[in-house]
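Novice: One structure, pasted below without further comment.
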Amino acid sequence: MSTLLALDTATEACSVALLHDGKVTSHYEVIPRLHAQKLLPMIKELLANAGTTLQAVDAIAFGRGPGAFTGVRIAIGVVQGLAFALDRPVLPVSNLAVLAQRALREHGATQVAAAIDARMDEVYWGCYREVAGEMRLVGNEAVLPPEMAALPEGSGGDWFGAGTGWGYAERIGVDPIGQDASMLPHAQDLLTLARFAWERGEAILADEAQPVYLRDKVATPKAR
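Here UniProt numbering is used: position 126 in the sequence shown is 126, and no number is missing along the way.
So this is what it looks like as structure tokens:
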């Protein structure tokens with residue numbers, strides 16, 4: 001039975017999750033600007049509580065963005081360091097997909113419009129639909145002004161709004177059946193998506209891990 005480790009630092013939340021001996025455990029904290037100090041101790045504690053070690057891990061999953069530039073870089077740096085040392089593959093997972101998976105777990109939402117506040121008056125946006133327990137992307141992920149966010153063409157049924165981008169709800173031209181603008185990605189849901197990817201053989205080499213920002217100019221404000 002596979003042992004998988006998942007971690008995420010792409011937003012204000014810092015979280016880790018572990019699948020070991022068929023059991024899932026996780027730790028989640030909202031700790032802005034403390035990810036770099038807290039992440040490795042959280043991983044160490046999670047492994048110790050599960051009675052296992054890093055050497056038992058078969059692959060490491062991580063939130064590859066979109067999200068905060070620094071946060072995504074922290075995740076990739078830690079994952080690559082661990083994966084190189086252990087000679088293990090990695091599993092990059094979209095943070096928007098993780099939000100959608102959390103909305104499925106917590107709200108039973110099978111169609112989710114996931115949005116993360118991208119600053120600069122924009123949101124990271126992606127729409128997901130549940131297929132056999134896995135939230136899958138419908139259309140494309142994008143970074144755009146809230147007014148340009150839309151459901152996939154031809155989509156029907158009820159949609160749930162998940163993520164901090166829904167703080168712009170009055171500017172988004174989508175009327176969800178419900179929404180949670182406080183929701184952040186959780187490594188437990190990242191682990192769920194990683195398990196599907198692992199079973200499909202989608203793990204990659206650590207040096208192939210790349211951040212996905214969806215924005216070319218991640219640190220340059222728009223010209224006015």
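Glycine included, every Cβ here is placed at the ideal spot set by N, Cα and C. Small disclaimer: the values here were computed from a predicted structure and weren't measured.
1. Considering only their Cβ atoms, is the gap separating Phe160 from Ala109 smaller than 8 Å?
2. Excluding the 5 residues flanking Asp58 on each side, which residues of the same chain have their C-beta closer than 7 Å to its C-beta?
3. Looking at C-alpha atoms only, which residue of Ile172, Arg119, Trp166 and Thr70 is the closest neighbour of Ala36?
4. In this structure, what does DSSP give as the bridge partners for Phe84?
5. Can you tell me which of the three DSSP states Glu106 falls into?
6. How many angstroms separate the CA atom of Gly51 from the CA atom of Glu208?
7. Between the region 175-182 and the region 27-35, are three or more C-beta pairs nearer than 8 Å?
8. Could you check the C-alpha separation between Glu134 and Thr164 for me, to the nearest Å?
9. Thinking Tyr128 and Ala97 are a contact (beta carbons under 8 Å), I'd like their distance in whole angstroms, please.
10. Would you report the Cα separation of Leu137 and Gly126, rounded to the nearest angstrom?
11. Which stretch, first to last residue, makes up the alpha helix (DSSP H) that contains Met42?
12. Which whole-angstrom value is the C-beta distance of Ala6 and Leu191, which I expect to be below 8 Å?
13. My understanding is that Ser26 touches Ala17, with C-beta atoms under 8 Å, so please give their C-beta distance in whole angstroms.
14. Which of the three DSSP states is assigned to Ile172 in this structure?
15. Quick one: what's got a C-beta closer than 6 Å to His186's C-beta in the same chain, skipping five residues either side?
16. Just confirm the distance between the C-beta atoms of Trp198 and Leu82, as a whole number of angstroms; I'd bet it's less than 8 Å.
17. Is Leu39 closer than 8 Å to Val78 when the C-beta atoms are compared?
Specialist: Considering the structure as presented:
1. One-based indexing of the sequence shown puts residue 109 at position 109. One-based indexing of the sequence shown puts residue 160 at position 160. The beta carbons of Ala109 and Phe160 sit closer together than 8 Å.
2. The residue given as residue 58 occupies position 58 in the sequence shown. Around Asp58: Ser2, Thr3, Leu4 and Arg88.
3. Here residue 36 refers to the residue found at position 36 when the sequence shown is read from its first residue. Taking only the C-alpha atoms, the option nearest Ala36 is Thr70.
4. Here residue 84 refers to the residue found at position 84 of the sequence shown. None; Phe84 has no bridge partner.
5. Here the question's residue 106 lines up with position 106 in the sequence shown. Reduced to three states, the DSSP call for Glu106 is helix.
6. Numbered from its first residue, the sequence shown carries residue 51 at position 51. Numbered from its first residue, the sequence shown carries residue 208 at position 208. So the alpha carbons of these two residues sit roughly 30 Å apart.
7. Too few Cβ pairs lie closer than 8 Å, so no.
8. For the purposes of this step, residue 134 is taken as residue 134 along the sequence shown, with counting starting at 1. For the purposes of this step, residue 164 is taken as residue 164 along the sequence shown, with counting starting at 1. If I take the Cα positions, the gap works out to 22 Å.
9. Residue 128 sits at position 128 when you count from the first residue of the sequence shown. Residue 97 sits at position 97 when you count from the first residue of the sequence shown. Right, the Cβ-Cβ distance comes to about 6 Å (below 8 Å), so this counts as a contact.
10. As a working note, residue 137 is residue 137 in the sequence shown. As a working note, residue 126 is residue 126 in the sequence shown. The straight-line gap from Cα to Cα measures roughly 7 Å.
11. Residue mapping note: residue 42 aligns to position 42 of the sequence shown, counting from 1. Boundaries of the alpha helix (DSSP H) harbouring Met42: His35 to Asn49, taken from the DSSP string.
12. The residue given as residue 6 occupies position 6 in the sequence shown. The residue given as residue 191 occupies position 191 in the sequence shown. At roughly 4 Å, the Cβ-Cβ gap stays under 8 Å, so Ala6 and Leu191 are in contact.
13. Looking up residue 26 in the sequence shown gives position 26. Looking up residue 17 in the sequence shown gives position 17. At roughly 4 Å, the Cβ-Cβ gap stays under 8 Å, so Ser26 and Ala17 are in contact.
14. Residue mapping note: residue 172 aligns to position 172 of the sequence shown, counting from 1. In this structure, Ile172 counts as coil in the three-state DSSP scheme.
15. By one-based count along the sequence shown, residue 186 stands at place 186. Closer than 6 Å at the Cβ level, and outside the excluded window around His186, lie Ser15, Tyr28 and Arg102.
16. The residue labelled residue 198 in the question sits at position 198 within the sequence shown. The residue labelled residue 82 in the question sits at position 82 within the sequence shown. With 8 Å as the limit, Trp198 and Leu82 do not qualify as a contact, their Cβ atoms being about 16 Å apart.
17. Counting from 1 along the sequence shown, the entry for residue 78 is found at position 78. Counting from 1 along the sequence shown, the entry for residue 39 is found at position 39. Taking C-beta atoms as the reference points, Val78 and Leu39 count as a pair closer than 8 Å.
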